[in-house]
Amino acid sequence: MSGVLGKSRKMICSLLSQAPVSPAYYYRSSPSIYKPKPSNRFSWGFLAPIPSPAIRVFCSKPGEVGGLMASSVQNQGSISYLTQREAAEVDETLMGPLGFSVDQLMELAGLSVATSIAEVYKPSEYNRILAICGPGNNGGDGLVAARHLYHFGYKPFVCYPKRTQKPLYSGLVTQLESLSIPFLSVDELPMDLSKDFDIQVDAMFGFSFHGAPRPPFDDLIKKLINLHYYEQAQRKSPVIVSVDIPSGWHVEEGDVGGDGIKPDMLVSLTAPKLCAKKFSGPHHFLGGRFVPPAIAEKYKLQLPQYPGMSMCVRIGKPPQIDISALRENYISPEFLEEQVEADPLDQFRKWFDDAMAANLKEPNAMALSTTGKDGKPSSRMVLLKGVDKDGFVWFTNYESQKARQLSENPHAALLFYWDGLNRQVRVEGSVEKVSDEESEQYFHSRPRGSQLGAIVSKQSTVVPGRHVLHQQYKELEEKYSKESLIPKPKYWGGYRLKPERFEFWQGQPSRLHDRLEYSPQETDGKRVWKIVRLAP
Numbered sequence: 114m115s116g117v118l119g120k121s122r123k124m125i126c127s128l129l130s131q132a133p134v135s136p137a138y139y140y141r142s143s144p145s146i147y148k149p150k151p152s153n154r155f156s157w158g159f160l161a162p163i164p165s166p167a168i169r170v171f172c173s174k175p176g177e178v179g180g181l182m183a184s185s186v187q188n189q190g191s192i193s194y195l196t197q198r199e200a201a202e203v204d205e206t207l208m209g210p211l212g213f214s215v216d217q218l219m220e221l222a223g224l225s226v227a228t229s230i231a232e233v234y235k236p237s238e239y240n241r242i243l244a245i246c247g248p249g250n251n252g253g254d255g256l257v258a259a260r261h262l263y264h265f266g267y268k269p270f271v272c273y274p275k276r277t278q279k280p281l282y283s284g285l286v287t288q289l290e291s292l293s294i295p296f297l298s299v300d301e302l303p304m305d306l307s308k309d310f311d312i313q314v315d316a317m318f319g320f321s322f323h324g325a326p327r328p329p330f331d332d333l334i335k336k337l338i339n340l341h342y343y344e345q346a347q348r349k350s351p352v353i354v355s356v357d358i359p360s361g362w363h364v365e366e367g368d369v370g371g372d373g374i375k376p377d378m379l380v381s382l383t384a385p386k387l388c389a390k391k392f393s394g395p396h397h398f399l400g401g402r403f404v405p406p407a408i409a410e411k412y413k414l415q416l417p418q419y420p421g422m423s424m425c426v427r428i429g430k431p432p433q434i435d436i437s438a439l440r441e442n443y444i445s446p447e448f449l450e451e452q453v454e455a456d457p458l459d460q461f462r463k464w465f466d467d468a469m470a471a472n473l474k475e476p477n478a479m480a481l482s483t484t485g486k487d488g489k490p491s492s493r494m495v496l497l498k499g500v501d502k503d504g505f506v507w508f509t510n511y512e513s514q515k516a517r518q519l520s521e522n523p524h525a526a527l528l529f530y531w532d533g534l535n536r537q538v539r540v541e542g543s544v545e546k547v548s549d550e551e552s553e554q555y556f557h558s559r560p561r562g563s564q565l566g567a568i569v570s571k572q573s574t575v576v577p578g579r580h581v582l583h584q585q586y587k588e589l590e591e592k593y594s595k596e597s598l599i600p601k602p603k604y605w606g607g608y609r610l611k612p613e614r615f616e617f618w619q620g621q622p623s624r625l626h627d628r629l630e631y632s633p634q635e636t637d638g639k640r641v642w643k644i645v646r647l648a649p
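Number 470 in this note's numbering belongs to position 357 of the sequence shown; there are no gaps in the numbering.
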C-alpha cells in the first residue's frame, strides 16, 4: 500500500471527519472487531539497436550498483503518520466508492511485503522464512507474502494457528499447499526460533487490534521477543519483519512498556501508522502502491513516487554499512573446459546472447582501459557497437583523453560485467581506427540528437558551464533544421580492438570462481586458441 506525505494532520482529520465511519469491512481490520456488510536478435557485423531493458520488476537487488534502485529514500520527517481512525477511513474509501476488493488489496500488500524483504535480505543468505499469520487480513498479507517469497527463491514455512474459514483465506492456504510450503503448528516450533529460521514475518495483528493478545499469539509474540535476548548472548538471531504494526504494539503509542517485539524491518501499508514513529530498526519500508489520485486528492495526501515498477519504497536513510562486510556468495552453473567454444569470439557471442535474453541493462557496456606514454592507466565505460572476426568496435571523439593515450600506446583492455549472470569477460589486444566509411555509416545511423551532441562536445576539454553546451546544441539545431544530412566531424570515429587474449569468468560459491583463458598459438602454421584454467 502506498505511503502518504501529509501537508497537515489537521487538514486530514478535518476532511476525514466529513465521512462518518460505518461498520464496513475495512481491509486492514480484524474480523473480531469489524464485521462485513451483508527479442530482437544481435547483429554481429554491428550491434542491432538494443531495446531498453524493462525496469526490474518490484524491487532491486540490495544496494544495487549499475542499475536503477527500485526503492528510493523518502525523508522520514515529511511522511504523515495515520491514527487508527484515519487508517480505517482511508480503507473504507478504497473499499467503498473506489471499488477495491479485499483480495486485490491483500495481494498487493503481501507482494509489497515480499519485495521489501527481497530488497534487503538475499535468499542466498536468509533463505528460511517463517511467516506467523493471524486470523485477520494482516495474516492474509503474510500468506500472500509467503507465496511470493517462494517464487523469489526463499524457503518459506507458515504458522497459521487460527485459520479464518472464508473462501479467500482457504484459497490462500490451498495455493501454499500446492507449492508444498510446510504449515507448522505452534507446538512444532522450537523454543529458540533462531535454530531453524533466518527471517520471521510477524503478520499476526493489524492496525484495528487492541487489547491483550490471546493464546496462542501471546506465546508466539514472546518467542519473537526472546530473539532479542539470544542476540545479546551473541548467538545468531534471525531477522524479524513486522507487517504494518509490530504485533503487541499500541497502534498509535507504539511499544508502550518497552519490552515488546523489536523488529529489524517494518513494512508499513497504505501509510505509516503513528506507532511507526517509535520504530528504531534499520529498515522501514512503505508498501503497496494502490492509492489512486482520487483518494489522494480527497484526503489532501501527497504520495511518494515509486520508481519504475517497484512495490516498496524505503523511509528514512538506510543503515550504515561496513564496506568490508559486503560480499556475494555466487551460485552459478559450472563453467567447464569441455563445454566452451573453441573460438573465443563464438563463446563471447554465446554469453552476450545470454545477457540479452536476461534483459540486463546495457549488456554492451564495457570498461575501456588505456595508458599513454607516461604509463598511467585510465578507465571509462563505453558501448560496444560491433563485433566480428576482426575485433570489438566502439566510437568516440578522436581528440579525447582515451584517443590521445591510444595514439601513444595502441593497446587496450576491455571488461564486460554481467551482474545478473555472475559473469565477466576480459579482452586485451591492439587497437586501430576503423575506416572513415565505417565511421560515416555508423554516425548517420545514430539519432539526430546524438549526432548534434557529438559535434557540440569537445570531449575531455573544460566547459564553462552546462548552459554553454545547451546553447551550442540549440544553435546547431537551427543550423541543420532544413538539412537532411548532418556532416560527421573529422574528429569523431571508431576504434577496433583486435583481441590477443580473452578471459571468461563465472562466479562460484566460496570464491572458487571459474576462470578460462584463451591465448593464441601457432599449430601447423595455423593460429589456434589455447584454453587454460586459471586459479581464482
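Here a beta-carbon is modelled for each residue, glycine too, at the ideal position from N, C-alpha and C.
When burial is assigned at 16 or more other CB atoms within 10 Å of the CB, is residue 304 buried or exposed? On the sequence shown, residue 304 is found 191 positions in, with the first residue counted as 1. It counts as exposed.
CA-to-CA distance, residue 301 to residue 358, given in whole angstroms = If you number the sequence shown from 1, residue 358 lands on position 245. If you number the sequence shown from 1, residue 301 lands on position 188. Rounded to whole angstroms, residue 358 to residue 301 spans 25 Å at the Cα level.
Practice task
Let me know if residue 442 comes out buried or exposed under the rule of 16 or more other beta-carbons within 10 Å of its beta-carbon.
Solution key: Start at 1 with the first residue of the sequence shown, and residue 442 comes out as number 329. So residue 442 counts as exposed.
Whole angstroms are fine: how far does the CA of residue 482 sit from the CA of residue 492? Residue 492 sits at position 379 when you count from the first residue of the sequence shown. Residue 482 sits at position 369 when you count from the first residue of the sequence shown. Between residue 492 and residue 482, the C-alpha separation is close to 4 Å.
With DSSP as the reference, identify every bridge partner of residue 353, one or two as the case may be.
By 1-based counting over the sequence shown, the position of residue 353 is 240. The partner list for residue 353 (beta bridge, DSSP) reads 313.
| Length of the line joining the Cα atoms of residue 511 and residue 595 | The residue you call residue 511 lines up with position 398 of the sequence shown. The residue you call residue 595 lines up with position 482 of the sequence shown. Spanning the two alpha carbons is a distance of roughly 28 Å.
(message) Our contact map puts residue 284 next to residue 258 with C-beta atoms below 8 Å; I'd like the distance itself, whole angstroms only.
(response) Locating residue 284 in the sequence shown gives position 171, where the first residue counts as 1. Locating residue 258 in the sequence shown gives position 145, where the first residue counts as 1. Incorrect: roughly 15 Å between the Cβ atoms, too far for contact.
Notebook entry, point to check: beta strand (DSSP E) containing residue 630: first to last residue?
Noted result: Taking the first residue of the sequence shown as 1, we reach residue 630 at position 517. Note, residue 630: beta strand (DSSP E), 627–636.
Report task. Grab me the residues of residue 556's own chain with a C-beta within less than 6 Å of its C-beta, minus the 5 sequence neighbours each way, in chain order. Result -> Taking the sequence shown and counting its residues from 1, the one referred to as residue 556 is at position 443. Within the same chain, residue 556 has close Cβ partners 601.
Q.
So the candidates are 245, 200 and 408; which of them puts its Cα closest to the Cα of residue 212?
A. Position 99 of the sequence shown, counted from the start, is the residue given in the question as residue 212. Residue 212 has its Cα closest to that of 408, out of 245, 200 and 408.
query: Shortest alpha-carbon distance to residue 353 belongs to which of 244, 273, 403 and 367?
result: Taking the first residue of the sequence shown as position 1, residue 353 is located at position 240. Here the closest residue by C-alpha is 244.
Can you have a look at residue 648 and say buried or exposed, based on whether 16 or more other CB atoms are within 10 angstroms of its CB? Start at 1 with the first residue of the sequence shown, and residue 648 comes out as number 535. Looking at its Cβ environment, which holds fewer than 16 other Cβ atoms inside 10 Å, residue 648 is exposed.
Using DSSP with H/G/I as helix, E/B as strand and the rest coil, what is residue 213? For the purposes of this step, residue 213 is identified with residue 100 of the sequence shown, where counting begins at 1. Three-state DSSP puts residue 213 in coil, outside helix and strand.
Where residue 289 falls, given that 16 or more other Cβ within 10 Å makes a residue buried:
Along the sequence shown, read from residue 1 onward, the residue named residue 289 stands at position 176. By the 10 Å Cβ count, residue 289 comes out buried.
Which of the three DSSP states is assigned to residue 408 in this structure? As a working note, residue 408 is residue 295 in the sequence shown. Of the three classes helix, strand and coil, the one that applies to residue 408 here is helix, per DSSP.
Margin query: Output needed for residue 487: all residues of its chain with C-beta closer than 6 Å, excluding positions within five of it in sequence on either side, in chain order.
Written below: The residue you call residue 487 lines up with position 374 of the sequence shown. For residue 487, where only same-chain residues beyond five positions count, there are no Cβ hits under 6 Å.
- Message: Please return the same chain residues whose Cβ sits closer than 7 Å to the Cβ of residue 621, not counting the five positions on each side in sequence.
- Response: As a first step, residue 621 is located in the sequence shown; it is residue number 508 there, counting from the start. The residues are 443, 445 and 627.
Would you check if the distance between the CB atom of residue 589 and the CB atom of residue 610 is smaller than 8 Å?
As a working mapping, residue 589 is identified with position 476 in the sequence shown. As a working mapping, residue 610 is identified with position 497 in the sequence shown. It is not a contact, given that the beta carbons lie outside the stated cut-off.
Test item: CB-CB of residue 484 and residue 495 under 8 Å: Position 371 of the sequence shown, counted from the start, is the residue given in the question as residue 484. Position 382 of the sequence shown, counted from the start, is the residue given in the question as residue 495. Taking 8 Å as the Cβ cut-off, residue 484 and residue 495 do not qualify as a contacting pair.
Under the assumption that residue 316 contacts residue 252 (Cβ atoms under 8 Å), give the Cβ distance between them as a whole number of angstroms. Translated into positions along the sequence shown, residue 316 becomes position 203. Translated into positions along the sequence shown, residue 252 becomes position 139. That belief holds up - the Cβ atoms of residue 316 and residue 252 are roughly 5 Å apart, short of 8 Å.
Reduced DSSP category for residue 173 - H, G, I as helix; E, B as strand; rest coil: Taking the sequence shown and counting its residues from 1, the one referred to as residue 173 is at position 60. Any reading at residue 173 must be qualified, since the residue scores a pLDDT of 41, below 50, and its modelled position is unreliable; the value itself is stated next. Looking at residue 173 - three-state DSSP - the assignment turns out to be coil, as it is neither helix nor strand.
- Message: Under DSSP, the beta strand (DSSP E) around residue 242 begins and ends at which residues?
- Response: If you number the sequence shown from 1, residue 242 lands on position 129. Looking at the DSSP string, the run of the beta strand (DSSP E) that includes residue 242 is 241–246.
(message) Judging by CA-CA distance, which residue of 434, 457, 393 and 572 is the nearest neighbour of residue 502?
(response) Position 389 of the sequence shown, counting from 1, holds the residue named residue 502. Nearest C-alpha to residue 502: 457.
Determine contact between the stretch 306–315 and the stretch 234–243, defined as no fewer than three beta-carbon pairs at a distance below 8 Å.
yes
Alpha carbon of residue 369 to alpha carbon of residue 361, nearest angstrom: Residue numbering aside, residue 369 sits at position 256 when the sequence shown is read from its first letter. Residue numbering aside, residue 361 sits at position 248 when the sequence shown is read from its first letter. So the alpha carbons of these two residues sit roughly 9 Å apart.
Considering residue 287, what are the terminal residues of the alpha helix (DSSP H) in which it resides? Taking the first residue of the sequence shown as 1, we reach residue 287 at position 174. Taken as a continuous stretch (DSSP letters only), the alpha helix (DSSP H) holding residue 287 covers 280–291.
With 16 as the cutoff for other CB atoms within 10 Å, does residue 218 come out buried or exposed? Locating residue 218 in the sequence shown gives position 105, where the first residue counts as 1. Buried, since its Cβ has 16 or more Cβ neighbours within 10 Å.
task: Assign residue 583 to buried or exposed, taking buried as 16 or more other Cβ atoms, counted over all protein chains shown, within 10 Å of its Cβ.
output: Indexing the sequence shown from 1 puts residue 583 at position 470. Residue 583 is exposed by the Cβ-count criterion.
Tell me, please, which residues DSSP counts as bridged to residue 641. Here the question's residue 641 lines up with position 528 in the sequence shown. Note: residue 641 sits in a beta bridge opposite 634.
Write down every uninterrupted run of the beta strand (DSSP E) in the stretch 441–506 whose length is 3 residues or greater and which is fully enclosed by it, in chain order. 478–484, 490–496 and 499–501
Inset, instruction - Might you give, ordered along the chain, the residues of its own chain that have their beta carbon closer than 6 Å to the beta carbon of residue 419, omitting 5 neighbours on each side? - result: Working through the sequence shown from its first residue, we reach residue 419 at position 306. Excluding residues within five positions, the ones whose Cβ falls inside 6 Å are 402 and 426.
Which residue spans inside the stretch 502–557 form an unbroken beta strand (DSSP E) run of at least 3? 504–510, 524–531 and 536–546
With DSSP collapsed to three states, give me the class of residue 369. As a working note, residue 369 is residue 256 in the sequence shown. Three-state DSSP puts residue 369 in coil, outside helix and strand.
(Q) Can you tell me which residues form a DSSP beta bridge with residue 272? (A) Working through the sequence shown from its first residue, we reach residue 272 at position 159. 245.
- Exposed or buried, which one is residue 332 when buried takes at least 16 other CB atoms within 10 Å? As a working mapping, residue 332 is identified with position 219 in the sequence shown. With fewer than 16 other Cβ atoms within 10 Å, it is exposed.
* Asked: Which value, in whole angstroms, describes the spacing of the CA atoms of residue 643 and residue 558?
  -> Within the sequence shown, numbered from 1, the residue matching residue 643 stands at position 530. Within the sequence shown, numbered from 1, the residue matching residue 558 stands at position 445. The straight-line gap from Cα to Cα measures roughly 38 Å.
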